[in-house]
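Worksheet for the structure shown next.
4 protein chains.
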Amino acid sequence: MAQPARMSRAEFDALVEAELPIAARLGFRLDEFEHGRAVARAPYAVDFLRPGGTIAGPVLMALADYAMYAVTLSMVGHVALAVTTSLNINFLRRPEPRDVLAEGRVLKLGKRLAVLEVTLRSEGEAAPVAHVTGTYSLPPR
Amino acid sequence: MAQPARMSRAEFDALVEAELPIAARLGFRLDEFEHGRAVARAPYAVDFLRPGGTIAGPVLMALADYAMYAVTLSMVGHVALAVTTSLNINFLRRPEPRDVLAEGRVLKLGKRLAVLEVTLRSEGEAAPVAHVTGTYSLPPR
Amino acid sequence: MAQPARMSRAEFDALVEAELPIAARLGFRLDEFEHGRAVARAPYAVDFLRPGGTIAGPVLMALADYAMYAVTLSMVGHVALAVTTSLNINFLRRPEPRDVLAEGRVLKLGKRLAVLEVTLRSEGEAAPVAHVTGTYSLPPR
Amino acid sequence: MAQPARMSRAEFDALVEAELPIAARLGFRLDEFEHGRAVARAPYAVDFLRPGGTIAGPVLMALADYAMYAVTLSMVGHVALAVTTSLNINFLRRPEPRDVLAEGRVLKLGKRLAVLEVTLRSEGEAAPVAHVTGTYSLPPR
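Protein chains in written order, with the working numbering: chain U, 1 to 141; chain C, 142 to 282; chain B, 283 to 423; chain X, 424 to 564.
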């Protein structure tokens, strides 16, 4: 894990800006980015809310997917057409109306598939609001 | 299944408008809405795209969640705090840049949990682009 | 779907006998086997029970995995090292102490991954006891 | 987490012996058992093998389910009819023909649902062979 990331954070940001408008539109950004690990942030926005005054599930899923994308690219570099093949989320606690942080890490990097885990928390809270596992398909290198 | 839905489509739309701004903001709407079944539509928008010119996974997940919400409320009516507890998605094919339809149906309506299945297709295509199962927690009635 | 299966049922049975002792030991067998679809049966055994007098979850998971294996091999033939990469199960109803049938079908056959769906029912019941989705990794052909 | 487990290991073993014959039959036992955490062991048996000489997926799923059951009961005591409602597994590496250890921990203990995570490893290996999340439904207390 002492390897450097295969792209810089600035390169990742530029890639998202150009190619993942959904993440850019929702205001997502990276707090940390290293080989095999990333922390993504969803700055709080009022239209993230759902009934009950908590943050909507789709925002958490989009943030987890963005974090998984960052973790994957940190390991394989800019690979055209790396795509999510599956995502499983368990919603654990209702997220307060504040920033959400998603800490992603690799469980397994294979030749054709990366398996990743993401834990989501409201900023300043220890207890997770959601837990995600997912897989990214990697094109032949 | 011959039961009527527990709310009207107009009531569901008003609820989403007021309480699920994410779905409204993404332009989601219902094509069909009956007891235990709904078809939701994501009208194509250019910022749904992801690298490769296909529709981003988070849009599909948000649409599936919206369809699951519709199916759940069609069976239990307007229940405050019905919340998604888990969602599992398999991405099957790259969705073309056009409308996506999500057909949701109930697998099991229990006292405390509803289990739902959603199949997503690009409009006019038979082969699904994604398959989702998920659970909604129901408050005591 | 009018294609024939890529192996015979007898070949599949011999393969399981030799190479999947767990399934053979649990008494699993196929009721139907065609290209992209299979129905597997777990004949009732008293040691399948769990607290409450219903059939244990692991038996259902093993049966679903066996059905997925049959569906996959029906499409690709005897491929060494085709392996399950993920499995998601929702338990829907408590299965009565009787035979369980698992109907598996393909959602997507790709070059490197097959995605499958399995619906499990107690024999003679329409309502499913469990619903499974899973993926099989396929070696380069 | 400094709380004691709500039952003893001997009570748990007796419960499994009487009520979970599948786990007993497969030889599963606990190496560790505390409030909210357990380590379960599957002693290697030759009929756990699948094609390729690795341990079959259903054995890993059964072991994870057994570990989740231990973690759940460690927190709520002997609750009749606590049942698995969902389980998601990602297979990460081919498990060698040796003992498998499954470390389970709680992600969230709610009033009606416990969400759990299990990491499975071959004995003596750091890299996990599988990762599981699952939910247990808890009866009203």
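Heads up, the beta-carbon is just placed ideally off N, CA and C, and yes, glycines get one too.
What is the DSSP secondary structure of residue i, reduced to helix, strand or coil?
i, result
"ARG150/C", "helix"
"TYR489/X", "helix"
"PHE189/C", "helix"
"LEU113/U", "strand"
"GLU378/B", "coil"
"LEU171/C", "strand"
"PRO145/C", "coil"
"ALA550/X", "coil"
Per DSSP, what are the beta-bridge partners of residue i in this structure?
i, result
"GLU244/C", "VAL180/C and THR260/C"
"SER74/U", "BP columns for SER74/U are empty, so no partner."
"ILE371/B", "VAL414/B and LEU510/X"
"ILE22/U", "In the DSSP output, where bridge partners are listed per residue, ILE22/U has none listed."
With burial defined as no fewer than 16 other Cβ atoms inside 10 Å of the residue's Cβ, what is the status of residue i: buried or exposed?
i, result
"GLY533/X", "exposed"
"VAL100/U", "buried"
"ASP65/U", "buried"
"GLU299/B", "exposed"
"ALA164/C", "buried"
"HIS131/U", "buried"
"VAL187/C", "exposed"
"ALA424/B", "Residue 424/B lies beyond the stretch modelled for chain B, which goes from 283 to 423, so this question has no answer here."
"GLU551/X", "Contrary to the premise, residue 551/X reads as Pro rather than Glu in this sequence. Classification of PRO551/X: buried, given that the 10 Å Cβ count is 16 or more."
"ALA547/X", "Going by the sequence as given, residue 547/X is Gly instead of Ala. Label assigned to GLY547/X: exposed."
"ALA408/B", "exposed"
Of all Cβ atoms in chain X, is any one closer than 7 Å to the Cβ of residue i?
i, result
"MET343/B", "yes"
"HIS131/U", "yes"
"ARG332/B", "yes"
"LEU420/B", "no"
Output yes if chain C places a C-beta closer than 7 Å to the C-beta of residue i; else output no.
i, result
"LYS393/B", "no"
"LEU426/B", "Only positions 283 to 423 of chain B appear in the structure, and residue 426/B is not among them; the question remains open."
"ASP99/U", "no"
"LEU389/B", "yes"
"ILE55/U", "no"
Just checking: is the beta-carbon of residue i within a distance shorter than 7 Å of some beta-carbon in chain B?
i, result
"PHE514/X", "yes"
"HIS219/C", "no"
"SER545/X", "no"
"SER431/X", "no"
"THR566/X", "Coverage of chain X is limited to positions 424 through 564, which leaves residue 566/X absent and any answer about it impossible."
"ASP470/X", "yes"
Under 7 Å, Cβ to Cβ, is there at least one residue of chain U near residue i?
i, result
"MET283/B", "Confidence at MET283/B is low in this model, with a pLDDT of 49, below 50, so its placement is unreliable and no value can be given for it."
"ALA243/C", "no"
"GLY168/C", "no"
"PRO236/C", "no"
"THR260/C", "no"
"PRO269/C", "no"
Determine, using beta carbons only, whether residue i comes closer than 7 Å to chain A.
i, result
"LEU73/U", "Among the chains of the structure shown, chain A does not appear; the protein chains present are U, C, B and X."
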